[in-house]
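Heads up: the sequence shown at position 34 corresponds to 34 in the numbering used here, and the numbers run straight through without jumps. Where is the CB? At the ideal position from N, CA and C, for every residue including glycine. Before any comments, here is the structure.
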Amino acid sequence: MPSRHRVATWRELRRGGALQIGQGVWAMPDVPVFADVVARVVQLAHRGGGEVLTLSAAGRDRSESVRLQDMFTAERASEWTGFMSGCAEFDTQIDMAIAKGELTIAALGEQEDRLERLRRWNRDIKARDVFGAPVAGQAQLRLERCAGHLADYAERVYRALHQG
C-alpha cells in the first residue's frame, strides 16, 4: 500500500480513537460509535490496495479485559488533558484580548469560533470515551468555564460598543 494511504489509514484510526497495541495492530471497543471508524479504515486501505483483517476479540481472562479497558481509558484521559490545555489557551487568549483592549465584534466573533471548535473537540472525545475516563468531568467543567469567560468577554465588548 502506498505511503499516503498508510498515513491516511493511520490518521483515521488515531482520529477515530483506536488504540495501537502493536505494529499495525489496533483495537477499539465493539460499540456502535466505532463501527463507522472501522468502515472508513477498511475503505481507505482497500482504496490504497492494502488489506485489513477485522476481528472480534476478548481478553483470555477478566484481568486482560480490564487491562485493555484501562489502556483505552488512559488514551482518552490523555485526550481530555490535551482538551483542557486547549481550554486554558482559550482563556489566555481572551485575557490577552481584554488586556489589549480588543473589544470589537470581529474579535468576539473569533473567540466564538474558537469556543465552537472546543465544543466540537469535546463532543468528539466524549463519543470515544466509552468507559468514562476519570478526568472527563473536569474537562466538562473546564469547558463550562470557557463559555462563562466568553460570556463575560462578550459583555465587555457590548459595553465598549455602546459607550462609543
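Asked                                                                                                                                                                                : Found
Expressed to the nearest angstrom, what Euclidean distance is found between the alpha-carbon atoms of residue 32 and residue 86?                                                     : 28 Å
Shortest alpha-carbon distance to residue 24 belongs to which of 133, 39, 150 and 52?                                                                                                : 52
Roughly how many angstroms lie between the CA atoms of residue 136 and residue 41, to the nearest whole one?                                                                         : 27 Å
Which two residues bound the contiguous beta strand (DSSP E) that contains residue 138?                                                                                              : Taken as a continuous stretch (DSSP letters only), residue 138 belongs to no beta strand (DSSP E), being part of the alpha helix (DSSP H) at 136-163.
When DSSP labels each residue in this structure, what does residue 7 get in the three-state scheme?                                                                                  : helix
Is it the case that the segment 113-126 contacts the segment 63-73, given that we only count it when at least three CB pairs across the two stretches are under 8 Å?                 : no
Can you confirm whether the segment 108-118 touches the segment 44-59 when touching is taken to mean that 3 or more C-beta pairs between the two stretches lie within less than 8 Å? : no
Could you check what DSSP says for residue 103 in three-state terms: helix, strand or coil?                                                                                          : coil
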